[in-house]
């Protein structure tokens, strides 16, 4: 298709540049609710730290608000775009851009000891891994749509490759026709993961892998591939440990997770303070704004550990209610996806909301010291410009899909 | 279109199914796990984490409460806390570069040994805290910190506020006051007894702080005010305490006794005016043994343990308030209580007579009197005057154990007095006394009748004597008159407590009269003070169960008899200088204390015709008069007059106008301003009779003032003088000579 690159023809073939139909109001409502709660909690969690750093309690909040507004505008724009035009150009171009930016970030001088950011100034910086998550979903959704019939095919593999010879030798179709597209998907995921890992961004890598697996799962890839993938992942992990590939700070984080008394003023400081904050919250919390742990105890309370302040102020009940809103948002995204007549749209909608859900789960597991500290932000809550803009654009895509979805309304 | 179809998704497709599965995994299972985890952290671990969080968030600053002051009855300070400073270093900050500076500064201002300090610094090299010295005065601390700043070692040497307890009078009343430990808590005496009251409660300021140690705004601050310690105002009068301690110190030296105790009490209220036990100690240095004989004693006669560490034993001994802690046999002093009971019960009356033949048999035992020939026919008054044992035993027999016990108990000897001093011991039946309900044999009763075999504390005795003095009321002795808060506001006032009426007022009056006879004519003569109508009783008891003969001599009495202001007890434990009878060695101390105390209290003397004081006159005022006029005035006196100078007018006189002198005393008139005072050397009066002493005084140009024993007795001898022998004094000065009787003091 791309060979006979005629943009006008392409758009026309995809059904026009603009989407028709109306957005899913429920999804939009849940989304706005989450964005507002997130902004309020960001302000509550950040003002002390902001004042301490800048003598101005609103620095983080204002930037986040500005980015959220930018994100919301972009979201509304994107929601009007016919999602199907992303299917080829968006996916390919996006992936190329994401890889390029990841490489640029790697090449650029380290900022805060990592290569996660393309850092120009304090106000002008960009985290390409946030974009990478977006384009990965766009790309995988496209690939899984394009090769859907082969992925679900049970025909034996015909091509004269080693795998086919194995089939021949085994005497039954161990590898079937789904192998090539899955390998393509696997390579795409691996390149994404590798590039993010190059930026010393373990949590981003984990997320990329989780998103990849989720997309393959939604793309109807057969179960045995996941078993193979799981075995391969464990092997890779063991090799990484054996060869000291994990950097010292990563193993330190794991040690800090295993040994709860490890460096209470160092590696475990932040997580201990987060636990104290959560424990202090109790059933109903201390009330909005009343956290004491945000008074420079929980380091950078506006970032990854913001959820601990949320629990401290709103308690178990408040935290659970926020999770319910997140769950409703995911549910609504899944409903949009299921009711989308087009596979690509379905994969996009579900891919984006599950990415959101996985990120929420991983963040809370870290904040509650359930898994080692990796550094995953809480969507819509944690401070971070790229993250909230990209996340809102992704939600815009879901909203765009929802215009196409035939959701039965009562 | 085929591709379009393959991209089309039917509802119920596998993608949709897998979407729902994923939804369940993420939004229900994973989110549910998160909620469960949060629930675990907030609900189950919440308490623990909350406490840890608060522990790091709250900064508690202690505000020390000042320890209360202890005042005497006239608001003189006896014990006071002063703000001082504690110097400490952070040894981990001591480097090779600053070590010398640190050592120099500390040794220069704190009087610490350099080598020792270096050792301590090196020992605690890794630590953050090493106390160098507490109790550093404000000025010293300031100089020290100036130097610390100059040497740039402010990160090594620090000071903290501290308090120190001062006792301005040193050893005065040491066994009642007691002292405090390093942490400021009372260890002995009143400091211990009233520790809670004196201490107060430290205040706290609880401030919330953030993670970088800045204080948060005041909304988070909670202040718990320090409750300042309460001050005590004692009934103890520093003047009377000094009089008592001086008298006891002299007695301790003269009698070479092991201990001497004395108490001065207000018999009408039970207020203790002075309580002293010697040897005592310096309150500002309680661990130093003040009297070397204590250490020697334990080295020689202590238990094995005490011999090992005689200093430790001596410390415990010198800290003890023995006048409430130690029991002794009161001896003949007890006879006043025996007679009181018998009189109250009608077993005797003032006219009762008894023939003392010198012995009395009790069962198979014969009890002898001190006077082998006996005292002849005696009334109860004579029983006391002669301190007759046989009559006492007879009275005891007449009363029987039950009645004896009734008054023994009535006068408070079976119970604690309830005084608010620390360390009062509890009488125990079978150990310190006999109870007929348990065992009280005839032989016990006989001994108990003259004060052997029953043990009492000096405070019990003076309290019981006070009951006779005040008309029969047994008072509860006390030493804290009132408690005051930091602003001087009185919080509580101790009201005198009457424990019971032991004997009727009439009985008390009668016995008091007999006790005055004891001092006027009997074994208590040495306690005689002209004009003060001292009533008293002496006693000598033998310590039982010792290898050598050891005695306790005592005197208990009160004055003036008709309207008593003070009751006094003097106990001399194990005198070793020959005389050991209470009448000889304890009564003069008692008389001395009574005389000086009543003089201090301003009690008006009432002289009787026999008193030598009646032969004294107040000197006329002659200054300003012409020599002629002065001579005319002196016509009416028998003075030996000396005139110094060539002037026509009297400029000054010795003795001063209004002083009491013998009628035939010495008067010096100076007629010139700035004339050199005529001097004379004080002779020794020791061993002289009153007549002889008067002659010697006049011959040496001195006016004599006679105190002590009844001057008419030929057996009376001078034993003490207030101007030391050989000292040079002004011609015409007044010398106070004390007399006492040494013979016939069989009590």
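Residue numbers (my numbering), protein chains in the order written: chain W, 1 to 410; chain V, 411 to 1157. Glycine included, each C-beta is placed from N, C-alpha and C at the ideal position.
Residue 808 of chain V beta carbon near the ligand ADP (any heavy atom closer than 8 Å) = With respect to the ligand ADP, the structure shown offers nothing to examine, as it has no ligands at all.
Quiz item: So residue 358 of chain W is in the alpha helix (DSSP H); what residue range does that whole segment cover?
Solution: 343-367
Exercise for review: Buried or exposed for residue 413 of chain V, please, with buried defined as at least 16 other CB atoms from any protein chain shown within 10 angstroms of its CB.
Suggested key: Residue placement at residue 413 of chain V is poorly supported in this model, since its pLDDT is 41, which falls under 50; the coordinates are not used for a value here.
Quiz item: Which residues bound the beta strand (DSSP E) around residue 1146 of chain V?
Solution: 1144-1151
>> Short of 7 Å in beta carbon distance, which residues of its chain neighbour residue 118 of chain W, apart from the five on each side in sequence? Order them along the chain.
In response: 101, 104, 105, 108, 125, 126 and 128
By Cβ distance, which residues of its chain are closer than 7 Å to residue 699 of chain V, with the 5 residues on each side in sequence left out?
-> 705, 721, 724, 725 and 728
Integer Cβ distance of residue 1145 of chain V from residue 1112 of chain V, believed to fall under 8 Å = 5 Å
In chain order, what residues of the same chain have a beta carbon less than 8 Å from the beta carbon of residue 761 of chain V, not counting five sequence neighbours either side?
-> 789
Those residues which DSSP pairs with residue 1127 of chain V across a bridge: V/1150
Mind checking the stretch 272-283 of chain W against chain V and listing, in chain order, the residues whose C-beta falls within less than 9 Å of any C-beta there?
272, 273, 275, 276, 277, 278, 279, 280, 281, 282 and 283
Runs of beta strand (DSSP E) lying entirely within the stretch 592-653 of chain V, each at least 3 residues, in chain order | 613-618, 632-634 and 641-644
Coarse secondary structure for residue 510 of chain V, derived from DSSP in three states: helix
Quick check on residue 452 of chain V - is its C-beta less than 9 Å from some C-beta in chain W? yes
Counting along the chain, where does the alpha helix (DSSP H) carrying residue 586 of chain V start and finish? 584-587
Outcome for residue 237 of chain W when other beta-carbon atoms lying within 10 angstroms are tallied against a minimum of 16:
exposed
Within 9 Å (strictly less), CB to CB, does residue 526 of chain V reach chain W? no
- Query: Straight-line CA distance for residue 194 of chain W to residue 179 of chain W?
  - Reply: 22 Å
CB-CB under 6 Å to residue 977 of chain V, same chain, minus the five flanking residues each way: which ones, in chain order? 675, 677, 872, 875, 876, 879 and 968
Requested in this report: Output, in sequence order along the chain, the residues in the stretch 298-311 of chain W whose CB is closer than 7 Å to any CB in chain V.
Outcome: 311
Assumed close pair residue 836 of chain V, residue 886 of chain V - CB separation to whole angstroms, cut-off 8 Å | So it is not a contact: roughly 15 Å between Cβ atoms.
Next item on the list: Taking only the alpha-carbon atoms, compute the straight-line gap between residue 17 of chain W and residue 449 of chain V and give it to the nearest angstrom.
Entry: 48 Å
key: residue 905 of chain V - DSSP class collapsed to helix/strand/coil   = coil
- Item | Spatial neighbours of residue 737 of chain V in its chain, beta-carbon cut-off 7 Å, leaving aside the 5 residues before and after | 835, 842, 865, 866 and 867
Q.
Does chain V have any CB closer than 9 Å to the CB of residue 119 of chain W?
A. no
Within the 9 Å Cβ cut-off, does residue 459 of chain V reach chain W? yes
Which two residues bound the contiguous beta strand (DSSP E) that contains residue 526 of chain V?
-> Run containing residue 526 of chain V: none in the beta strand (DSSP E); it sits in the alpha helix (DSSP H), 524-533.
Practice item. Could you list which residues in chain V have their beta carbon closer than 7 Å to that of residue 370 of chain W, in chain order? Key: 447
Less than 9 Å separating the beta-carbons of residue 1081 of chain V and residue 1108 of chain V? no
Suppose you measure from the CA of residue 1053 of chain V to the CA of residue 1132 of chain V; what does that come to, to the nearest Å? 26 Å
Go to residue 1077 of chain V, then tell me how far its beta strand (DSSP E) extends in each direction, as first and last residue. 1076-1080
>> For the structure I just gave you, are there three or more beta carbon pairs, one from the stretch 362-381 of chain W and one from the stretch 19-39 of chain W, closer than 8 Å?
In response: yes
Q. Are any of the Cβ atoms in chain V nearer than 9 Å to that of residue 414 of chain W?
A. Absent from the structure is residue 414 of chain W, since the part of chain W shown begins at 1 and ends at 410.
Worksheet item: Rounded to whole angstroms, how far is the Cβ of residue 779 of chain V from the Cβ of residue 991 of chain V, which I believe are closer than 8 Å?
Response: That belief does not hold up - the Cβ atoms of residue 779 of chain V and residue 991 of chain V are roughly 14 Å apart, past 8 Å.
Span of the alpha helix (DSSP H), counted from its first residue to its last, around residue 467 of chain V:
456-467
| request: Would you check if the distance between the CB atom of residue 61 of chain W and the CB atom of residue 39 of chain W is smaller than 9 Å? | output: yes
- In chain order, which alpha helix (DSSP H) runs of at least 4 residues are fully inside the stretch 1023-1072 of chain V? 1037-1044
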